[in-house]
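A.B. asks:
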Amino acid sequence: MTCIERRLPSDEARALLDLTRDMCAQSLAPVVDAAEEKSEFPRDIMNLLGQTGLLSLPYPEQFGGGAQPYEVYLQVLEELSSVWLSVGISVSVHSLACFPVAEFGTDEQRQHWLPMMLAGDTIGAYCLSEPHSGSDASALSTQAAIDVDGFIINGQKAWITHGDLADFYNVMVRTGESGANGISCLLVAAGTPGLSFAPRELKMGAWASPTAGVIFDDVRVGPDHLIGTEDGGFRIAMAALDAGRLGIAACAVGLAQGALDAATTYAQQRRQFGRPIAQFQGLSFMLADMDTAISAARALYLDAARRKDDGVEFGVAAAKAKLFATDTAMKVANDALQVLGGYGYTRDFPLERYFREAKMLQIVEGTNQVQRMVIGRALTDIS
Amino acid sequence: MKIAVCVKQVPDTWAEKKLRDDDSTLDREAADGVMNELDEYAVEEALRLAEANGGEVVVVTMGPERAAETVRKALSMGADAGVHLVDDSLHGSDALATSYALAEVLAARNFDLVIFGSESTDARMSVVPAMVAERLGLPQVTFAQKVDVDGSKVAIQRQTEYGYDDVEAELPAVVSVVEKINEPRYPSFKGIMAAKKKPVETLTVADAGLDAAKLGATAAWTKVASFAARPPKAAGTVVTDEGDGGAKIATYLTEQKFV
């Protein structure tokens, strides 16, 4: 990947980005193609990222985190995704899964759960969507009945990244009235009786990132597994998604940068009509437009991240970043593939993979139509 | 156990290396500096030995100011402390002078084990570990593909063309390692943060009590009389297959003495 000149806030952030680039070049790039081809989740790579501290970056040091601002964490995510989107997505989803306890848990819950979640050898899942409740998340129907021992969960979650291999699950469940005010957030550890999984989805891309339905059949958890207040889970779900959207925006910028780098290298080397094709203005203008769009997308997610780091409202900025970055990734992947012509359409080059993967990013963590809804509502004050 | 690892900052392995016009020494400013690759294996081995047997790992380097980055990298991998010998008068030192300087620094610190990578990617002489051992009067067990420490002994497998030799020595000793020995770890992010707080002793030639007359380009036993850039690659030979391509290639390979 082109070494992006980043304006980073500290020496430690610069060292962290250097470390990330080294790992991308030495440990991710050599194995990405084979693992994607075999739909093989790279647990060893995740363990490596965990050992080096990359799975806990935006969380407090006292619980094992790296205490890095989102501005830095997201740029790490971007670098990872430029080489291997499935790994970037895994890191983003894991961070998202740690978010409810870190932000809304009690001191006891943070002390109990976070060291395990941030240790680097566990992976989390975030369970909000259901087969019949996607964009309309507040319509979810997975039930949690309340009794003296805690909660009994029944229902099914859909499209869950790390679905059948996570170590812990954040689950949004219905504990009260219909709509947004009857939802609670529960933590479920892997191996809890009654927890099972649907077969993995056969996706168009990101094959090394497992996506599966999660089934709850009388799954019992104690009252101490409730994060936040009873029926107060929807606010947690939305806050987590705001942060998660930033993660996807960074992943999208990384993917786009990876695609542009591949197209640029090819355009410099490929000769037609006696000259490198990069000399043709029609082509170099395409590259210039891609580069400009990527820079704009990066600036947008960094602006949203800095708002979050400053403790000010960032939800709408995150929606804009997610929308623009993922639409940019789709367009760049498409144009970059075009630069390679017939070769771009083959599996000998990574462009067709980027193309398939970019589509996913326009859909996950809120479709881009939902992002527009968020932005439109903020603009007009009409919902 | 107190272990020293000697590391060297070298130009990035993949960068084109150039000599300076003024004094014919390697132009270290022309490329990014990185830790010599084999030295990463040496650091890893030292860390593993210290983890298994207890003890302290001190990383030692001789080089210009920016070689401090290489000390920092070893510290972020897990080494405990650093020693950096930095002085303008060291510039242009040959292997003999380098071994003199390193041996003096090491001798003043009483290590049980000194570990080197078996060669550097810039000079590629593979002689400094042996020279340092000789100067220190210590056994040299070099080109190790496996190292075990047991009490007061170090046992290695010395890599050879035909396999390996088992070699043992009493501690203290000097060991050099080859690439086969391990897989160096990445620094962890916490290691990077912790490295900032680890002690690094910066020494001048005077601080180390070295005789400046034995150091630098003027004291070198060899001189670069002249040098020239490598000639550009010649055009290749095209073999056209007219049903006899295999035979033609075989003839070419024979002529070139490849087969």
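So the sequence lines, in the order shown, correspond to chains A and B. Residues 1 to 383, numbered by this note's numbering, are exactly what the first sequence covers, in order. Residues 384 to 642, numbered by this note's numbering, are exactly what the second sequence covers, in order. Glycine included, C-beta positions come from ideal geometry on N, C-alpha and C. Computed from a prediction, not measured in an experiment: that's the story for all the values here.
Identify the contact partners of residue 53 of chain A in chain B, using a Cβ-Cβ distance below 7 Å as the criterion.
C.D. replies: By one-based count along the first sequence, residue 53 of chain A stands at place 53. Within chain B, the residues near residue 53 of chain A are 571, 572 and 573.
A.B. asks: Check each candidate in A:243, A:260, A:310 and A:102 and name the one with the smallest Cα separation from residue 340 of chain A.
C.D. replies: What you label residue 340 of chain A is simply residue 340 of the first sequence in a count that begins at 1. Out of A:243, A:260, A:310 and A:102, A:260 has the C-alpha closest to the C-alpha of residue 340 of chain A.
A.B. asks: Below 8 Å on the Cβ atoms is my guess for residue 101 of chain A versus residue 227 of chain A; work out the distance and round it to an integer in Å.
C.D. replies: As a first step, residue 101 of chain A is located in the first sequence; it is residue number 101 there, counting from the start. As a first step, residue 227 of chain A is located in the first sequence; it is residue number 227 there, counting from the start. That pair is a contact at about 6 Å.
A.B. asks: Pop quiz: residue 77 of chain A and residue 254 of chain A are said to be a contact at Cβ under 8 Å. What is the actual Cβ separation, rounded to whole angstroms?
C.D. replies: Taking the first residue of the first sequence as 1, we reach residue 77 of chain A at position 77. Taking the first residue of the first sequence as 1, we reach residue 254 of chain A at position 254. About 7 Å separates the two Cβ atoms, so the contact holds.
A.B. asks: Quick one: which chain B residues come within Cβ less than 7 Å of residue 66 of chain A?
C.D. replies: Here the question's residue 66 of chain A lines up with position 66 in the first sequence. The answer, in chain order, is 572.
A.B. asks: Per DSSP, which one or two residues make a beta bridge with residue 170 of chain A?
C.D. replies: As a working mapping, residue 170 of chain A is identified with position 170 in the first sequence. Partner(s): A:126 and A:187.
A.B. asks: Please tell me whether residue 460 of chain B has its Cβ less than 8 Å away from any Cβ of chain A.
C.D. replies: Within the second sequence, the letter at position 77 stands for residue 460 of chain B. By this cut-off, residue 460 of chain B is not an interface position.
A.B. asks: Leaving out five residues before and five after residue 110 of chain A in sequence, what residues of the same chain have Cβ atoms less than 8 Å from its Cβ?
C.D. replies: Locating residue 110 of chain A in the first sequence gives position 110, counting from the first residue. Here the set comprises 63, 101 and 102.
A.B. asks: Does residue 301 of chain A pass the burial test, meaning 16 or more other C-beta atoms within 10 Å, or should it be called exposed?
C.D. replies: On the first sequence, position 301 is the one that residue 301 of chain A refers to. Buried.
A.B. asks: Let's test the definition: count the other Cβ atoms within 10 Å of the Cβ of residue 642 of chain B and tell me whether it reaches 16, buried, or not, exposed.
C.D. replies: Within the second sequence, numbered from 1, the residue matching residue 642 of chain B stands at position 259. So residue 642 of chain B ends up on the exposed side.
A.B. asks: Contact defined as beta carbons within less than 8 Å: I believe residue 161 of chain A pairs with residue 211 of chain A. What is the distance between those atoms, to the nearest angstrom?
C.D. replies: Against the first sequence, residue 161 of chain A aligns to sequence position 161. Against the first sequence, residue 211 of chain A aligns to sequence position 211. 6 Å between Cβ atoms; contact.
A.B. asks: List the residues of chain A that residue 576 of chain B touches, going by C-beta distances under 7 Å, in chain order.
C.D. replies: Position 193 of the second sequence, counting from 1, holds the residue named residue 576 of chain B. In chain order: 12.
A.B. asks: For residue 531 of chain B, which residues from the same chain have a beta carbon less than 6 Å from its beta carbon, with the 5 sequence-adjacent residues on both sides left out?
C.D. replies: For the purposes of this step, residue 531 of chain B is identified with residue 148 of the second sequence, where counting begins at 1. Exclusion of the five residues before and after residue 531 of chain B leaves 538 as the residues of its chain whose Cβ lies within less than 6 Å of its Cβ.
A.B. asks: Could you list which residues in chain B have their beta carbon closer than 8 Å to that of residue 23 of chain A, in chain order?
C.D. replies: Position 23 of the first sequence, counted from the first residue, corresponds to residue 23 of chain A. Near residue 23 of chain A (Cβ distances below 8 Å), the residues of chain B are 569.
A.B. asks: List, in chain order, every chain B residue whose beta-carbon is nearer than 8 Å to that of residue 336 of chain A.
C.D. replies: As a first step, residue 336 of chain A is located in the first sequence; it is residue number 336 there, counting from the start. Here the premise fails: no neighbours, minimum Cβ distance about 25 Å.
A.B. asks: Can you tell me whether DSSP reads residue 197 of chain A as helix, strand or coil?
C.D. replies: Position 197 of the first sequence, counting from 1, holds the residue named residue 197 of chain A. DSSP places residue 197 of chain A in strand when its eight states are reduced to three.
A.B. asks: Counting pairs of beta carbons, one from the segment 357-370 of chain A and one from the segment 384-397 of chain B, are three or more of them closer than 8 Å?
C.D. replies: no
A.B. asks: Can you give me the start and stop residues for the alpha helix (DSSP H) that residue 251 of chain A sits inside?
C.D. replies: Within the first sequence, numbered from 1, the residue matching residue 251 of chain A stands at position 251. Its alpha helix (DSSP H) spans residues 233-269.
A.B. asks: For residue 92 of chain A and residue 247 of chain A, which I take to be in contact (beta-carbon distance under 8 Å), what is that distance rounded to the nearest angstrom?
C.D. replies: As a working mapping, residue 92 of chain A is identified with position 92 in the first sequence. As a working mapping, residue 247 of chain A is identified with position 247 in the first sequence. Residue 92 of chain A to residue 247 of chain A, Cβ: 3 Å. Contact.
A.B. asks: Could you please give the first and the last residue of the uninterrupted beta strand (DSSP E) stretch that includes residue 136 of chain A?
C.D. replies: Translated into positions along the first sequence, residue 136 of chain A becomes position 136. Counting along the chain, residue 136 of chain A falls outside any beta strand (DSSP E), and DSSP gives it neither H nor E.
A.B. asks: What does the alpha-carbon distance come out to for the pair residue 330 of chain A and residue 320 of chain A?
C.D. replies: As a working mapping, residue 330 of chain A is identified with position 330 in the first sequence. As a working mapping, residue 320 of chain A is identified with position 320 in the first sequence. Spanning the two alpha carbons is a distance of roughly 15 Å.
A.B. asks: Measure the C-alpha to C-alpha separation of residue 180 of chain A and residue 305 of chain A and round it to an integer number of angstroms.
C.D. replies: Working through the first sequence from its first residue, we reach residue 180 of chain A at position 180. Working through the first sequence from its first residue, we reach residue 305 of chain A at position 305. Cα-Cα distance, rounded: 26 Å.
A.B. asks: Measure the alpha-carbon distance for residue 156 of chain A versus residue 209 of chain A and round it to whole angstroms.
C.D. replies: Translated into positions along the first sequence, residue 156 of chain A becomes position 156. Translated into positions along the first sequence, residue 209 of chain A becomes position 209. Here the C-alpha atom of residue 156 of chain A lies approximately 20 Å from the C-alpha atom of residue 209 of chain A.
A.B. asks: Ignore the nearest five residues each way along the sequence and tell me which others in residue 137 of chain A's own chain have a CB closer than 6 Å to its CB.
C.D. replies: Here residue 137 of chain A refers to the residue found at position 137 when the first sequence is read from its first residue. So the list reads 128, once near-sequence residues are dropped.
A.B. asks: Could you have a look at residue 115 of chain A and say whether DSSP puts it in helix, strand or coil?
C.D. replies: Position 115 of the first sequence holds residue 115 of chain A. Note: residue 115 of chain A maps to helix in three-state DSSP.
A.B. asks: Can you tell me the Cβ-Cβ gap for residue 278 of chain A and residue 268 of chain A, rounded? I've got them flagged as a contact below 8 Å.
C.D. replies: The sequence position of residue 278 of chain A within the first sequence is 278, counting from 1. The sequence position of residue 268 of chain A within the first sequence is 268, counting from 1. With 8 Å as the limit, residue 278 of chain A and residue 268 of chain A qualify as a contact, their Cβ atoms being about 5 Å apart.
A.B. asks: Does chain B have any CB closer than 8 Å to the CB of residue 29 of chain A?
C.D. replies: As a position in the first sequence, residue 29 of chain A is number 29, starting the count at 1. Judged by the 8 Å Cβ criterion, residue 29 of chain A is not in contact with chain B.
A.B. asks: Given residue 523 of chain B, which residues of its chain have a CB within under 6 Å of its CB, disregarding the five upstream and five downstream residues?
C.D. replies: Locating residue 523 of chain B in the second sequence gives position 140, where the first residue counts as 1. Taken in chain order, the residues that qualify are 513, 516 and 557.
A.B. asks: Grouping DSSP H, G and I as helix and E and B as strand, with all else coil, what is residue 4 of chain A?
C.D. replies: Here the question's residue 4 of chain A lines up with position 4 in the first sequence. Correct three-state label for residue 4 of chain A: coil.
A.B. asks: Under 8 Å between C-beta atoms, does residue 119 of chain A make it to chain B?
C.D. replies: Start at 1 with the first residue of the first sequence, and residue 119 of chain A comes out as number 119. Residue 119 of chain A does not count as touching chain B.
A.B. asks: Counting contacts by CB-CB distance shorter than 8 Å, is residue 77 of chain A in contact with chain B?
C.D. replies: Reading the first sequence from its first residue, position 77 is the one you call residue 77 of chain A. Cβ-Cβ to chain B under 8 Å: no for residue 77 of chain A.
A.B. asks: Could you give the DSSP three-state label for residue 206 of chain A: helix, strand or coil?
C.D. replies: By one-based count along the first sequence, residue 206 of chain A stands at place 206. Residue 206 of chain A: coil per DSSP, three-state reduction.
A.B. asks: Just to confirm my understanding: we take residue 335 of chain A, look at its own chain, exclude 5 residues before and 5 after, and list those with CB closer than 7 Å. What are they?
C.D. replies: In the first sequence, counting from the first residue as 1, residue 335 of chain A sits at position 335. Close CB contacts of residue 335 of chain A within its chain, under the 7 Å cut and outside five residues either way in sequence, are with 286 and 290 (chain order).
A.B. asks: Comparing alpha-carbon positions, which option in A:151, A:316 and A:98 lies nearest residue 170 of chain A?
C.D. replies: Walking along the first sequence from the start, residue 170 of chain A turns up at place 170. When each option's Cα is compared against that of residue 170 of chain A, the closest is A:98.
A.B. asks: As an exercise, report each continuous alpha helix (DSSP H) stretch of at least 4 residues that is fully enclosed by the segment 18-48 of chain A, in chain order.
C.D. replies: Fully enclosed alpha helix (DSSP H) runs of 4 or longer: 32-37.
A.B. asks: Looking only at its own chain, which residues have a Cβ that is under 8 Å from the Cβ of residue 108 of chain A, when we skip the five neighbours before and after it?
C.D. replies: As a working note, residue 108 of chain A is residue 108 in the first sequence. Answer for residue 108 of chain A: 224, listed in chain order.
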